[in-house]
Every structure is written in C-alpha cells, then in structure tokens.
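First comes the structure, then the notes that go with it.
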C-alpha cells in the first residue's frame, strides 16, 4: 500500500478511534468477548503443547559429567536393530531370558578412544529394616525368619543402585548428612527410607531381596537373579528425597548378575571428552542397546536420519477429524462471540457515518471504519486472550503438576497465531455490518431517530418458504455427507502391498465429506436462522406485553438479534458437546476395563510379596489399622488366584466356549456380546474384543480367582450376592457372557501349560453366573477348584484380602482409608473402584467447568452489549411513565427471546457434533467399541434450565431505569 493510500486512511482511522472512545463500554465488552474464548483456546493448547518435551526430560536423565547413558537390553538379537528415538526407547520392550545383553567391553569398542565406560546396576523393589545387632557387609540367604516379629510399619520398600566409586561420584545426589560409601559395607539412603525404617547415619540396616513374583520389568531378570538374599549395610550418608532409594558399591547386585547375566539388562555411563553421536547410537542399536546422548539431544538428527515410524491410518484419520471439528468450533466460537459487538457498533455509528457520507465519504471508507475497528479490537482482545491463556496454562501446571517446568517448550508461534487469528476474526466479524453501512442511505439514517427495521421484516411469505426449503435441503445434504463419511472405507495398509498414492488424505474420502458436512450445516443454519426467529416470535408474540414488545423488536432488527442468538448457541453447543463426548468416553473406558470392587469398597494386596504367612499377617495388620481409624470395617476374607508362572504350575482353568460363540483364528467375540449387551456374537479382529486385563492391588496370580462367597459379596458389585450363591453351590462365575451356553452352564476344564497348543482337558459342565466387568475371568470356590483338579503344585496361591464393611464408604472415607494405610506401612497396596465418573477425569471436568464459565461470561457480556443498544428505548419509556418493574420485565423478555432460540439450537448442534465423534470412534474402533452415547441428560437439561434462568436474571438486574433521562448523540 503506497503512502498516498495510507494518508487517505487517516480520516477513516480517526473516525474509528473516535467512535471506539465514545463508546468505551461497548469497546471494552467487545475486547472481552474476543479475549474470553482465546483464554480457553490458548490455555488448552498451552497445557498440551508446553508439556516438557521428552527431549528435555531425556537430557535431565543424563548425570552431569556424563556424555550418555546406555542401556543394553536382553531383547532377542533376531529383532535387531533396536529402533530407538533420540530420547531413548520408544516404549516398553520384551527381554528374552536367554539373551546376554551388551557388556562393558563390547560397548567400549563402539566409543571414541578417549571415552570410557562406567557400569551401574539397578534393582527391583527390595525390603529394608533396621538391624542394629547385625555385622555390616555380610550377604546371606534370606528366610522368613528374617522378618519375623518385625514392625510392619518400620519396613520400607526401595530400589538400590550399585556402581563403583567413580560411578557413584556421578550418580549420587548431594548428601545432606554423612559421606558417600567408602567400602562395600556402606550404603547411602534417602530421608524417606530413613524415616520409614528409623535408621540414621552410622546405624545398621538390613536389605532383603524378596522371592521372585514372576513379573519382569525393563530391568529384565534382575529380581529373579537377586531373589531370597539379604545383605547388611552401615548407613554412611543421607540424601534428601521423598522417594525411597539407596546407593552402594557393587557388592550385592553386581556379583549376582555376573554369575547369571542372561536376561538382565545392563546400564552404563559414557564418560569422556568426545560425544556419542547418532551414528554411534545406531551402531549400538544393532547390539540391541540404546543410548541417551547429550550430543544427540542437543544436535537433534534430521527426520531422514531417524528410524521410520509406522502410523495407523485409523489414528491419523481420527486425529484429522478431531482437528477439523476443533478448528470449526474455535472459529465458530470467535466469530459467534465478537459479531454481536460489531453489529451494535455499526448501529451506534449510523448517524455519524451518515453525516460522513453526506459530506463526501465514499462507501468503502465507511465500511473501513467498521472493519478497522474490528481488526483493532480483535488484535487487542487477542493480546489479552493470549496472555490470559498463557497465565492460565502456567497456573494449571503450578497447581496440578508443580514439579513440571511450566510452559517449557511452548512453541513461539502459538501466541502470534492467537493474536493474528483474533485480528482476522475481528475483521471477518465486521464484514456483514460494514456491508450494511456501505449500502446505507444517508438521508434515511439521519431521518430516523432509531435504526430502521430490517428489510427482511417485510419479506414476502413466499420468500420465507424458499428460505425454509433451501435451509432444510442444506441441512439434509450436511446430514447425508456426515453419514457418508461414516460409511467411507478407510484405507488399510496391507503388508507387501503397494502403499496408497502419495498425497492421499488419511481416512480417504471421510475427511472431505466431513468438511463438506460442516460447511453445508453452517450455511444451512445461517439460512434457517431468520425463519426460526420468525417462528419463535410468532409464538412469543402471544405472551404478555413485555414479551410481545421484545419479540417485535427482535423481528424488526434481526441483524442485531441473530448474532446474539449465534453467540449464545456457540457456547452452549461447546458445553453440551463436551458433556456428551466426555460421558461417552468415560462409558467406553469403563466398558473396556475391569473392576474388583464397587465404589465404596476396598481390597488389599501385598506391595512386595514375601510368603503366604507374612503377606497375610501384613494385610491383617492393615485391616486392624483401618478399624482403629474408625472406618466401618468388620473384617476381611482371603482371595487366592492361579499362579501364572509355568515353571511353578502345570495347569490353570479355562472355559470352552459354546459352538455358537467360537470365532475363527485371529478373531474374537465383540465387546457388546461379551458384556451381555447383544444376543448375537460378532467376530472382530484380534485385539478389538473384550480384553479388560486385571485390575487388582496385587501383582501375583492370573485371571482365575479362587474365593468363597463371603469374599465375592464383599466386592459390592452388582449381582455379587446372586453370584456368591452360585459359587457356594459349586458353580462358576465368569466375566464373559459369550462363554455361557443357552442352558445357563459353562464347560470348564484344565489347560495344560506344557502342551504346544491351547487344549482344555477334563472339562466339566457347571452352573454359571455372568458377573459383568469382574476382573477375574473365572471365579470358583476352593472346593470347586479342588474338584476341577487344582491341587498339589497346581493349587491356587494367596494374593490378597477383600475388606468386609458394614456399609459402603463415602468418597472421603475411601481417601482416608488409603491415606491411613500408606502412612502406616509401605507393604500394602489399597484397591478401590477405578471406574471413571460421567464427567471423566479431573482434566475433563476442568475443561467442562471452564466451558460452563465461558458460557456464563459470554451470556452476561452479550446481554450487556444488547443493553447498550436498548438504552435509548429505556430512557424514552421511563420518561413517559414506564415503571422500573416494567423496564426490568422488558429487558428480561429481550433476553428470553434470544435464549429461547440460542439455547435449544446450540444444545442440538453440540449433541449432534458429539454424537458424530462417538459414532466415528465406533466406526474406526479407536480405543474401544464406543457402545454407548451418554450425556448425563438429566443434569444437562437442568444445567440448560439454570443457564436460561441466569440469563433472564442478569437481564432483570440490568433492566433498572437509566440514571440520566437523556439519549446519546447517536440515538
């Protein structure tokens, strides 16, 4: 734009600034309406995008003075290379018990000559207790007698790290007391472990490796190699840390691993002046090791140098669908909220702009007066909203995750994009008002003391019919495109086949169809809005005088009423859509997960299993602690389970499904049939069926539980009492409805672990009871287990206790129970109900609360804007004798008119959008079957009624008579 054109804009800018300053209340409200949704959008994106990157977390994991941390996995070398990312392993890995991982000498061969290797060893959970009479530095086999008579509250659980003196200099945190280990009898522990055991510097502590429970971690077989051993140490120093940890010289873990290295992951520090490059890291990947290198993380490799990552078309398509809907919602939110402000601005400038036009201003200059205001107010609102969003994201981190560096890694483009988008939204929102201003007749504008009625008020009925027909056809087309997108086949990458053509969108035609549906739906709603307003006005016009006047005013000034309706509809749609989607997501999570106890019930399990007698004594002690805390605990009942370790047992129980419920290889029954929600079994691809896993406060045993009826009743689950009767009568309780035959029985038998394939032998037909979502797939009594052949070495093992209660606990009592047990001992895990409530988790509820607050805020600000336009009428009516009560009724009636349209329309749009997402997720089977469309409908309707009541109430309060009986110059 040249200097002359810029100079020509000066009067336009001056006029826009003059008007904005003349109507400070309107300008301020408009800025707030722009800022409010941006606080939500930027705050949400800030918490998502500013989560400390794995790159920073990986850098923090490298000790000062080290070039890299290298881990040698015991993954089968046939799977080489280990496809790591620069931050480390991309996820958990499966170690092979027979594979010997990378050694220090092998690692050194890949490193620069000036670098050297320091090895360290990490343990699994160990036990610690004071032993003042023991001689430090001795290692002996551990026995049950070592813990006999010990105070359960003084036994700590912790992890041990061993390294030589040079390695400890790098790995050991700063000490708050004492010194670092100087010989193999010394150990440094954290203050948390010292507080639990009561051991201080200079005293002796006994560290015990418990029996191996069969579970492997990313440390491999270390727990199995170290099991059933005890070593005594002298505490030489303390580290201030809330986590229970210990550090010592390599005298316990290291010798055990050196004697039996297969399947035990190795850990190394690389020290020296030369960096570990990405090329060296990839060479180590060939040895099934991975490295977290300081050099690699600070000189991040190009994408072309990284290992290719397989991406699921389903997930990509779903991400794209979510992005399209989120962008549509954000754009609708911004435009819906700011448009009413600029409609009001255009009407309030009507006489001023008419005078400018009469004195020679061109229509384009008049329009620019409005659009410049829009862009400027959008910019100011964007700055305020972006700043407020960043502050909100920072505050959320400080409150919920204070240990995280808030806003670390926040992309710099986010605030810039927010401000630029807000300015663009302000400009777009003023296009329609600016167009009306440009077409304004100056004489008519100066002649009328108030804005003339919209032309559409007198539109012929035939035109309205065409508008109704066109809008309905657009909505029908939008629905058709939406349904077609749900039926569009998704491209699936099949191995050894040619991949889809480059440039093809994930999801194929589904995403373009969705975009078309959203566009057609938006246009259809805009076309139908005047027709809906006419219909609502026709109904409201039969009401009291205040309602009739409000309806007539809305009919005469659609351009002013409809934007307010749209603003209310957008915020209501977001709140209602979020409620439905979160409730449906929670229901899907609950359908695909298992539970052990009902809400308000408790189960206990050993955190570090030692022996049946010891574990039972520990849990009995925890039950007595709960009773002493005044909770309604009457006792406990033991729970047993089948041991999953094939080297210990030879058999377990399995059900032989009826013929009608059997599926071909690589398929399984669907979730709906498994949960008893469908009579017909549908075979779905393996992995999409009902596989809820085990949810229990213990880490022993498989999904076959052995318990008595009392224990099953103590779970409090729906149907547990009837299930207990079947159990006591020798029947079988299952969590999969497809296993039960038409006559109400199941065929259950022994599965032989030693067989090359899954074969069930010695089957028996037993009465069955279906207990939905029970964490155990098969539950029998101890007598039935023995009758089925689970005796001797195949007998079930003790795993935990079901706590018996005189009544269900409240949420506060359940939290108290967990706190009391955790404060008393480290040895007990408390199990409670893990179901999600309809409002989802804390983060989901926070988002919903923010949306509700935004809806209320937007409603109040929109009504305040509307009042600035009604002020002249209120002055006139009050001057000619209208009572204050009538003025309040009239203002409330104006609010009722826009709420009567905006709230139902917004709710329906939000429900439709959320329903589409639920059906889409069901279509692609993302994270579950999404069987239910939930919405907490009663609470939603009550909330909408409350929202309307708040709006009418606020309008009533704002309807007080004006303090000065004068109209503004523009009126």
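Residue numbers (our numbering): 126 to 1096. No residue lacks a Cβ here, since even glycine has one placed at the ideal position from N, Cα and C.
| message | Going by beta-carbon coordinates alone, are residue 491 and residue 562 separated by less than 8 angstroms? | response | yes
| message | Across the region 1067-1079 and the region 975-992, are there enough close Cβ pairs to call them in contact, namely three or more that are closer than 8 angstroms? | response | yes
| query | From residue 442 to residue 450, what does the alpha carbon distance come to, in whole angstroms? | reply | 12 angstroms
| request: Could you say which of 732, 508, 843 lies nearest to residue 954 if we only look at CA atoms? | output: 732
| request: For residue 795, decide whether its Cβ has a neighbour in chain C, counting only Cβ atoms nearer than 8 angstroms. | output: You won't find chain C in this structure, because it holds only one protein chain.
| query | Pairing CB atoms from the region 240-247 with CB atoms from the region 392-409, are three or more of them under 8 angstroms? | reply | yes
| request: Using only alpha-carbon positions, find the residue among 354, 950, 416, 869 that is nearest to residue 321. | output: 950
| query | To which residues of the same chain is residue 627 closer than 8 angstroms at the C-beta, ignoring the five residues directly before and after it? | reply | Below a pLDDT of 50, predicted positions are generally treated as unreliable, and residue 627, at 43, falls in that range; the measurement from the model is reported next regardless. Hits under 8 angstroms: none found.
| request: Compute the beta-carbon to beta-carbon distance between residue 845 and residue 896, rounded to the nearest angstrom, for a pair I have assumed lies under 8 angstroms. | output: 7 angstroms
| message | For residue 297 and residue 190, what's the separation of their Cα atoms in angstroms? | response | 12 angstroms
| query | Is the number of C-beta pairs between the region 361-379 and the region 272-280 that are closer than 8 angstroms three or more? | reply | no
| Between the CA atoms of residue 540 and residue 824 - distance to the nearest angstrom | 47 angstroms
| field | Cβ distance (whole Å) where residue 810 is taken to contact residue 791 below 8 angstroms | value | 7 angstroms
| field | Nonlocal neighbours in the same chain, by C-beta distance under 8 angstroms from residue 415, ignoring five residues either side | value | 195, 196, 198, 207, 209, 213, 214, 406, 409
| field | Proximity below 8 angstroms, CB of residue 1098 to CB of residue 925 | value | An answer regarding residue 1098 cannot be provided, because it is not within the stretch 126 to 1096 covered by the chain.
| message | Rounded to whole angstroms, what is the Cα-Cα separation between residue 681 and residue 655? | response | 11 angstroms
| message | Per the DSSP calculation, residue 246 is bridged to which residue(s)? | response | 287
| query | What's the C-alpha gap between residue 517 and residue 164? | reply | 7 angstroms
| task | Report the option in 746, 263, 856 whose CA atom is closest to the CA atom of residue 354. | result | 263
| task | Count the CB pairs spanning the region 1041-1053 and the region 598-606 that are closer than 8 angstroms, and state whether there are at least three. | result | no
| field | Terminal residues of the alpha helix (DSSP H) in which residue 1009 lies | value | 1009-1049
| Rounded separation between residue 646 and residue 703 - CA only | 19 angstroms
| task | Please report how far the alpha carbon of residue 1096 lies from the alpha carbon of residue 453, in whole angstroms. | result | Caution applies to residue 1096, whose pLDDT of 47 falls short of 50 and renders its modelled position unreliable; the model cannot decide the point.
| query | Whole beta strand (DSSP E) runs in the region 869-922 with 3 or more residues, listed along the chain? | reply | 870-877, 885-895, 903-905
| request: Give the secondary structure of residue 239 by DSSP, where H, G and I count as helix, E and B as strand, and everything else as coil. | output: coil
| query | Just curious, the alpha helix (DSSP H) that residue 655 is in, first and last residue? | reply | 635-665
| query | beta strand (DSSP E) containing residue 729: first to last residue? | reply | 728-731
| message | So for residue 337, helix, strand or coil by DSSP? | response | coil
| message | Among 559, 403, 658, whose alpha-carbon lies nearest the alpha-carbon of residue 235? | response | 403
| task | Taking only the alpha-carbon atoms, compute the straight-line gap between residue 941 and residue 751 and give it to the nearest angstrom. | result | 9 angstroms
| query | Residue range of the beta strand (DSSP E) that residue 392 falls in? | reply | 391-396
| What do you get for residue 1070, buried or exposed, if any count of 16 or more other CB atoms within 10 angstroms of its CB means buried? | exposed
| said: Cutting at 6 angstroms between CB atoms, please list the residues of its own chain near residue 725, excluding the five before and the five after it. | reply: 933, 934
| field | CA-to-CA distance, residue 748 to residue 775, given in whole angstroms | value | 34 angstroms
| request: Could you tell me which of 545, 522, 552 sits nearest to residue 497, measuring between CA atoms? | output: 552
| task | Just the C-alpha distance for residue 513 and residue 160, rounded to the nearest angstrom, thanks. | result | 8 angstroms
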